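This report refers to the structure that appears directly beneath it.
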Amino acid sequence: MASGGKLVAWSGSLDCKLLLYSTCKITKAGIGGPLVDFDGNFIGMNFYDPKLGTPAVSCNDIVDILECFKEKWTGGVDSLSNPNGVGGGGVQGDCCVRLNWWPVPRPY
Numbered sequence: 566m567a568s569g570g571k572l573v574a575w576s577g578s579l580d581c582k583l584l585l586y587s588t589c590k591i592t593k594a595g596i597g598g599p600l601v602d603f604d605g606n607f608i609g610m611n612f613y614d615p616k617l618g619t620p621a622v623s624c625n626d627i628v629d630i631l632e633c634f635k636e637k638w639t640g641g642v643d644s645l646s647n648p649n650g651v652g653g654g655g656v657q658g659d660c661c662v663r664l665n666w667w668p669v670p671r672p673y
């Protein structure tokens, strides 16, 4: 299902400086779906927030995040800097000291 909107300057309450926000209203089925412009260009990947618009990660940041998985992590699974045990310990440009996470809504 498509939804119209525009990118907005809003920091949100989620602890990730890499998120974009749009005024598009999507359902839970849209989580992980593409955010595209009116010309069909891929802008990023949608997440879900029922309160205000839709948070998304830009396509450039997605590439950077995926690059982190190319490196083998040797810091141990219990490391606070990288709890999943993969990647290089963080994403360049996101200076967050807390873990980047946000709640995933319960399924329908």
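Using the working numbering, read the sequence shown as starting at 566 and increasing by one per residue. Where is the CB? At the ideal position from N, CA and C, for every residue including glycine. These numbers come from a predicted model, not from an experiment.
- Query: Should Asn625 go down as buried or exposed, given a rule of 16 or more other Cβ atoms within 10 Å for buried?
  - Reply: Counting C-beta atoms within 10 angstroms of its own C-beta, Asn625 has fewer than 16 neighbours from the protein chains shown and is therefore classed as exposed.
- Item | Per-residue DSSP class, three states only, for Pro609 | Checking the sequence, you will find Gly at residue 609 rather than Pro. Gly609: strand per DSSP, three-state reduction.
- Task: Could you check what DSSP says for Leu572 in three-state terms: helix, strand or coil?
- Result: Three-state DSSP puts Leu572 in a strand.
- Query: Using the rule of at least 16 other Cβ atoms within 10 Å of the residue's Cβ for burial, across every protein chain shown, is Leu583 buried or exposed?
  - Reply: Residue environment for Leu583: buried (at least 16 other C-beta atoms within 10 angstroms of its C-beta).
- Query: Does the Cβ-Cβ distance between Phe612 and Pro599 come in under 7 Å?
  - Reply: Contact check for Phe612 against Pro599 fails: the beta carbons are separated by 7 Å or more.
- Item | Spatially closest choice to Ser568 from Ile591, Asp602, Gly609, by CA coordinates | Of the residues Ile591, Asp602, Gly609, the one whose Cα lies closest to the Cα of Ser568 is Ile591.
- Secondary structure of Ala621, DSSP reduced to three states: In the structure shown, Ala621 sits in a strand (DSSP, three-state: E or B).
- Could you give the distance in angstroms between the alpha-carbon of Trp575 and the alpha-carbon of Gly597? In this structure, the alpha-carbon of Trp575 lies about 20 Å from that of Gly597.
- Query: Roughly how far, in whole angstroms, is the beta-carbon of Gly609 from the beta-carbon of Leu631, given that I think they are within contact range, below 8 Å?
  - Reply: Incorrect: roughly 13 Å between the Cβ atoms, too far for contact.
- Quick one: give me the first and last residue of the beta strand (DSSP E) that Pro599 is part of. First-last of the beta strand (DSSP E) with Pro599: 599-601.
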